[in-house]
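> Using the working numbering, you'd call the opening residue of the sequence shown number 1182 and step up by one each time.
Backbone N, C-alpha and C define an ideal beta-carbon position, used for all residues, glycine too.
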Amino acid sequence: MMDRKYSPCFLGNGIDAVLIGNTGSMTPERVAGLERCYWYKSDCYYPSRIRVLPMPHRRISLPNYRPNEEDQWYELAPLSHCWYEVYLPGTRGPRPLIGSEQRFSSHDATLLTRATYEGVMVEVRTYLHACHPLLVERYRASRPVRWRFYLAPGVWQEDELEPMPFTFLTARAGPLPQFHYRLEDLEGIQAMVVRGSIEAWGFQGKAAWVDCVGQEASRYVLVVDGKETREPRTADELIALLEEKDPEELYRAHAQAWAGYWADGATVEIPDPDLQRSYSFSLYQFKASQNPRSGGLPVNNLRATWSSHIFWDAMFIHLALVGAGHLPEGEAACAFLECTATAAEEAARAYGARGLKWEWEVTHDGRPAYGALRHLTHQVHNNASYSQMLWHQIQFSGDRSLVDRYYPLLRGIAEFFLTGVVQEASGEVDLRPVVGVHEHASLVRREAATLAGCIRALQNAATAARLLGRDLPFAQRCEAMAERLRPLLDQLFAGGVLRAHAGTDEVNFGCLVPFFPMAIYPPDDPRTLATARAYLSRNANPVHGLVGHGMGWRGPREGFPWAAGWLAAVLALAGEADTAWEVLARTKVAMNAFGGMAEKVDDHGRWNMQYFNTAQAAVCIGIHSLLLQERGDALAVLPRVPSGWDRCRFSGLMLGPLKISAEWERGEGVTACHVRNAGATKTKRRILVNDRAVEITLGPGDARRIV
1182 MMDRKYSPCF LGNGIDAVLI GNTGSMTPER VAGLERCYWY KSDCYYPSRI
1232 RVLPMPHRRI SLPNYRPNEE DQWYELAPLS HCWYEVYLPG TRGPRPLIGS
1282 EQRFSSHDAT LLTRATYEGV MVEVRTYLHA CHPLLVERYR ASRPVRWRFY
1332 LAPGVWQEDE LEPMPFTFLT ARAGPLPQFH YRLEDLEGIQ AMVVRGSIEA
1382 WGFQGKAAWV DCVGQEASRY VLVVDGKETR EPRTADELIA LLEEKDPEEL
1432 YRAHAQAWAG YWADGATVEI PDPDLQRSYS FSLYQFKASQ NPRSGGLPVN
1482 NLRATWSSHI FWDAMFIHLA LVGAGHLPEG EAACAFLECT ATAAEEAARA
1532 YGARGLKWEW EVTHDGRPAY GALRHLTHQV HNNASYSQML WHQIQFSGDR
1582 SLVDRYYPLL RGIAEFFLTG VVQEASGEVD LRPVVGVHEH ASLVRREAAT
1632 LAGCIRALQN AATAARLLGR DLPFAQRCEA MAERLRPLLD QLFAGGVLRA
1682 HAGTDEVNFG CLVPFFPMAI YPPDDPRTLA TARAYLSRNA NPVHGLVGHG
1732 MGWRGPREGF PWAAGWLAAV LALAGEADTA WEVLARTKVA MNAFGGMAEK
1782 VDDHGRWNMQ YFNTAQAAVC IGIHSLLLQE RGDALAVLPR VPSGWDRCRF
1832 SGLMLGPLKI SAEWERGEGV TACHVRNAGA TKTKRRILVN DRAVEITLGP
1882 GDARRIV
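Next comes the structure, spelled out in structure tokens:
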């Protein structure tokens, strides 16, 4: 963990990722004690013959678990890093950095840095191109200077945790320095193009440098590997592109790509500048870290977890995206499940079951990312979350053709639960002991999240089969088993509060899952609010008021903003708007300068990483739940607004295929409400606005003003 002297800014285009420090370029400081500012690609792994120490071995303690020297970890290889120095005429040595101010624009994914060096002010505009593997840095100084730009392959400082990743490396000096590298069978090229009055070049250790003089300069860095299916342009073609394209033209293509993403999505304005900033940055980050080829939605931007589709975290991010109207990104995320289905089939067989089972964390090609934590093969509620992802995509798109497309996956997940998780003996039904949400190595019986997920996965498959009018015996089998499992979930209630699993009084994060998103119990069920309140009171961090989820080995006193966001959604749906808003506000202690959030925060305010997609998605969902809600067969617009709000507005938020826009003011209520059917079929719905119900019927593309 680290204190927050500054927040490196995450830039990504789905395949490439960099962290930019307080200079406007990369810096060697470690981020959150685990990472430095590097360039890496979403599926460039360390070669198998280079031993990388798995980071969690240093962070976690699991009963009965010992690291195995043969354990395989698929971590991303840090490929490159770059930085710069500023020199003044008549002085010796680079000017020291005194301080900087930074502003990130989510809408064009551009970072503006105003850095104060001794004797000179520097402004840097930085972006990672949306369409090309190009890091662009444009510089302007307050007086003529000598710029020195550096490019170096691999890690900043080779050590046991971060070895040099390359199996082969050659360098070429000159005004256009290049490095040719190999990661076993993968070859690539790194190059640096400097635009300005170039005067000198050379090497300093492993780093190539280029000097130019003047008040302005531009530096382009590119990292291109040799797989044609991954990168459509060669390094030479990209360098030629930089020769022929005006810098502004290059920027316009980048900005246009991001403008297309934002044009299809929602806008939300809430009366809290910190949560507003986090909401906007989060929707940027979900896109910036989603692989455009596999569709995978990663848990965060760290090298160990950026390339993978991590157990149920993808469901958080997917629901935040489709709720904000980003349906193409949601469909791409579901495509990840399609392209890894073969691996899921093999994993189910290995588990002694039929159907489809995705391991706890899976790389793009279907491999378990962390073979070391073998007990997590028994954590199966992630598969129910994938069923919900598929179902949410069907619901929000309103596209019935997706029912046919996703049915093999929905059926496969249900079949896995029927044959690998559900157990029958002597006419009684139960669940196989599993790893719970605490990720503890010991197995538990009748875990709440797994039970609810199993019921929902069976119901989803049955509903899809009936919509298609086929496979009805399987649908009947799923429906019958879901009904038989429901009493087991009911039995976990004690004193009106849902317990984590059989034989415990613990109330953890998994206890919220049956209420949302699995929706086994409706929001107005008194047990919903009772469980949410019990969870809040039992897991509150005593210093920061954040919410932990009883993860066992992570420690009871650490705060988890992603659990807080999910709890806020449950509270909002149960009508507790003020408490939901208070819980969301508490997550700000985990927020960095740009709106990213940590996974966890300890009693001293220290966090373990700066960009945790799961936390950000959960907070977005909590915000959405305050603005739009399902109320039985009705859609409620701003049903209960936190008492501290004066006004709010949103445009393009979705529930099902309907896009809603509304404005609200204290004392006036909802002053404007507009509904549009973004689906492909006619939709009938009751809309609740200002305690008034309006029945609407909208054809595809039709719209209606309610207020």
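Out of Asp1406, Leu1836, Leu1557 and Ala1643, state which residue places its alpha-carbon closest to the alpha-carbon of Leu1367.
Within the sequence shown, numbered from 1, the residue matching residue 1367 stands at position 186. That would be Asp1406, whose Cα lies nearest to the Cα of Leu1367.
> Count the other C-beta atoms from every protein chain shown that fall within 10 angstroms of the C-beta of Ser1206, then say buried if there are 16 or more, exposed otherwise.
Here residue 1206 corresponds to residue number 25 of the sequence shown, with the count starting at 1. Burial call: buried.
> Would Val1782 pass as a contact of Val1764 if the rule is Cβ separation under 7 Å?
In the sequence shown, counting from the first residue as 1, residue 1782 sits at position 601. In the sequence shown, counting from the first residue as 1, residue 1764 sits at position 583. Here Val1782 is not near Val1764, since their CB atoms are 7 Å or more apart.
> Quick test of the definition: if touching needs 3 or more C-beta pairs under 8 Å, does the segment 1436–1456 touch the segment 1779–1799?
no
> Given that a residue counts as buried once 16 or more other Cβ atoms are within 10 Å of its Cβ, and exposed if not, what is Met1699?
Translated into the one-based positions of the sequence shown, residue 1699 becomes position 518. Burial check for Met1699: the Cβ neighbour count within 10 Å reaches 16 or more, so the residue is buried.
> For Arg1738, I'd like the list of residues in its chain whose CB is within less than 6 Å of its CB, leaving aside the five on either flank, ordered along the chain.
On the sequence shown, residue 1738 is found 557 positions in, with the first residue counted as 1. The predicted model places Arg1738 with a pLDDT of 46, which falls under 50 and marks its position as unreliable; any figure quoted below should be read in that light. For Arg1738, where only same-chain residues beyond five positions count, the Cβ hits under 6 Å are Asp1784.
> Exposed or buried, which one is Phe1831 when buried takes at least 16 other CB atoms within 10 Å?
What you label residue 1831 is simply residue 650 of the sequence shown in a count that begins at 1. With 16 or more Cβ atoms within 10 Å of its Cβ, Phe1831 is classed as buried.
> Do you know whose CA, among Glu1365, Val1391 and Arg1363, lies nearest Val1374's CA?
For the purposes of this step, residue 1374 is taken as residue 193 along the sequence shown, with counting starting at 1. Nearest of Glu1365, Val1391 and Arg1363 to Val1374, Cα basis: Val1391.
> Beta-carbon within less than 8 Å of Val1336's beta-carbon, same chain only, minus the 5 sequence neighbours each way: which residues are those?
Within the sequence shown, numbered from 1, the residue matching residue 1336 stands at position 155. Same-chain partners within the cutoff: Arg1217, Tyr1219, Pro1259, His1262, Glu1343, Pro1344, Met1345 and Pro1346.
> Using CA atoms only, rank isn't needed, just tell me which of Thr1272, Leu1293, Gly1280 and Gly1271 is closest to Cys1190.
Stepping through the sequence shown from its first residue, residue 1190 is reached at position 9. It is Leu1293.
> Locate the beta strand (DSSP E) running through Trp1328, then write down its first and last residues.
By one-based count along the sequence shown, residue 1328 stands at place 147. Element bounds for Trp1328: Leu1315 to Pro1334.
> Is it right to say Phe1349 is buried, meaning 16 or more other beta carbons lie within 10 angstroms of its own, or is it exposed?
The residue labelled residue 1349 in the question sits at position 168 within the sequence shown. So Phe1349 ends up on the exposed side.
> Given 8 Å as the limit, is there contact between the segment 1512–1525 and the segment 1816–1825, that is, 3 or more CB pairs closer than that?
no
> For Glu1844, which residues from the same chain have a beta carbon less than 6 Å from its beta carbon, with the 5 sequence-adjacent residues on both sides left out?
Position 663 of the sequence shown, counted from the first residue, corresponds to residue 1844. Same-chain partners within the cutoff: Arg1830, Thr1852 and Ala1853.
> According to DSSP, is Asp1827 part of a helix, a strand, or is it coil?
Counted from its first residue, the sequence shown places residue 1827 at position 646. In the structure shown, Asp1827 sits in coil (DSSP, three-state: anything other than H, G, I, E or B).
> Check Phe1497 in the structure and name its three-state DSSP category.
Here the question's residue 1497 lines up with position 316 in the sequence shown. The three-state reading of DSSP puts Phe1497 in helix, counting H, G and I together.
> Please classify Gly1746: does DSSP put it in a helix, a strand, or coil?
The residue labelled residue 1746 in the question sits at position 565 within the sequence shown. Gly1746: helix per DSSP, three-state reduction.
> Ser1611: which of Ala1683, Gly1617 and Ser1459 sits nearest, CA to CA?
Numbered from 1 along the sequence shown, position 430 holds the residue referred to as residue 1611. Correcting the residue type first, residue 1611 is Asp in the shown sequence and not Ser. With distances taken between CA atoms, Asp1611 lies nearest to Ala1683 out of Ala1683, Gly1617 and Ser1459.
> If I'm right that Pro1704 touches Leu1754 with Cβ under 8 Å, what's the distance once you round it to whole angstroms?
Position 523 of the sequence shown, counted from the first residue, corresponds to residue 1704. Position 573 of the sequence shown, counted from the first residue, corresponds to residue 1754. The Cβ separation is near 4 Å, so the contact holds.
> Go to His1805, then tell me how far its beta strand (DSSP E) extends in each direction, as first and last residue.
Start at 1 with the first residue of the sequence shown, and residue 1805 comes out as number 624. No beta strand (DSSP E) holds His1805; the alpha helix (DSSP H) holding it covers Asn1794 to Leu1808.
> According to DSSP, is Tyr1532 part of a helix, a strand, or is it coil?
The residue you call residue 1532 lines up with position 351 of the sequence shown. It is coil, neither helix nor strand.
> With H, G and I counted as helix, E and B as strand and the rest as coil, what does DSSP make of His1919?
Lying outside 1182 to 1888, the shown extent of the chain, residue 1919 is not represented and no answer is given.
> Given Ala1438, which residues of its chain have a CB within under 7 Å of its CB, disregarding the five upstream and five downstream residues?
In the sequence shown, counting from the first residue as 1, residue 1438 sits at position 257. Excluding positions up to five away in sequence, the list reads Ala1311 and Cys1312.
> Within the same chain, show all residues whose beta-carbon is closer than 6 Å to that of Arg1647, passing over the 5 residues directly before and after it, in chain order.
Sequence index remark: in the sequence shown, residue 1647 carries index 466 (1-based). In chain order, Ala1656 place their CB closer than 6 Å to the CB of Arg1647, counting only its own chain and leaving out the 5 sequence neighbours on each side.
> Measure how close the beta-carbons of Arg1651 and Phe1597 come, nearest whole angstrom, since I'm counting them as under 8 Å.
The residue you call residue 1651 lines up with position 470 of the sequence shown. The residue you call residue 1597 lines up with position 416 of the sequence shown. Between Phe1597 and Arg1651 the Cβ distance is about 20 Å, and since that is not below 8 Å, they are no contact.
> For Gln1457, which of helix, strand or coil comes out of DSSP?
By one-based count along the sequence shown, residue 1457 stands at place 276. Here Gln1457 sits in helix by DSSP.
> Just reading off the beta strand (DSSP E) that Asn1563 is part of, what are its end residues?
On the sequence shown, position 382 is the one that residue 1563 refers to. That residue, Asn1563, is in no beta strand (DSSP E); its alpha helix (DSSP H) goes His1562 to Ser1578.
> Go ahead and label Gln1672 buried or exposed: buried means 16 or more other beta carbons lie within 10 angstroms of its beta carbon, across all protein chains shown.
Locating residue 1672 in the sequence shown gives position 491, where the first residue counts as 1. By the neighbour-count rule (16 or more Cβ atoms within 10 Å), Gln1672 is not buried but exposed.
> So, under 8 Å CB-CB, Pro1823 and Trp1762 are touching, yes? Tell me the CB distance rounded to an integer number of Å.
Taking the sequence shown and counting its residues from 1, the one referred to as residue 1823 is at position 642. Taking the sequence shown and counting its residues from 1, the one referred to as residue 1762 is at position 581. Indeed they touch by this definition, with Cβ atoms about 4 Å apart.
> For Asn1773, collect the residues of the same chain with a Cβ closer than 8 Å to its Cβ; drop the 5 residues on either side in sequence, then sort them by chain order.
Sequence index remark: in the sequence shown, residue 1773 carries index 592 (1-based). Here Asn1773 has Arg1185, Ser1188, Ala1779, Gln1791 and Tyr1792 as same chain residues with Cβ atoms under 8 Å from its own Cβ, once five neighbours each way along the sequence are excluded.
> Between the Cα of Gln1569 and those of Ile1802, Trp1493 and Ser1806, spot the shortest distance and give me the residue it belongs to.
Taking the sequence shown and counting its residues from 1, the one referred to as residue 1569 is at position 388. Looking at the Cα atoms, Trp1493 is the closest of the given residues.
> Closer than 7 Å by C-beta to Gly1271: which residues in its own chain qualify, once you throw out the five before and the five after it? Chain order, please.
Residue 1271 sits at position 90 when you count from the first residue of the sequence shown. There are no such residues.
> Using DSSP bridges, identify the partner residues of Asp1585.
In the sequence shown, counting from the first residue as 1, residue 1585 sits at position 404. Note: Asp1585 sits in no beta bridge, so no partner.
> For Gln1338, count neighbouring C-beta atoms within 10 Å of its own C-beta (all shown protein chains included) and say buried if the count is 16 or more, exposed if not.
Here residue 1338 is taken as the residue at index 157 of the sequence shown, counted from 1. The residue is exposed, with fewer than 16 neighbouring Cβ atoms inside 10 Å.
> Measuring straight from C-alpha to C-alpha, what distance separates Glu1849 and Ile1887?
Indexing the sequence shown from 1 puts residue 1849 at position 668. Indexing the sequence shown from 1 puts residue 1887 at position 706. If you draw a straight line from the Cα of Glu1849 to the Cα of Ile1887, it comes to about 15 Å.
> Does the pairing of the segment 1591–1605 with the segment 1525–1534 give three or more beta-carbon distances under 8 Å?
Output reads yes: the segment 1525–1534 touches the segment 1591–1605.
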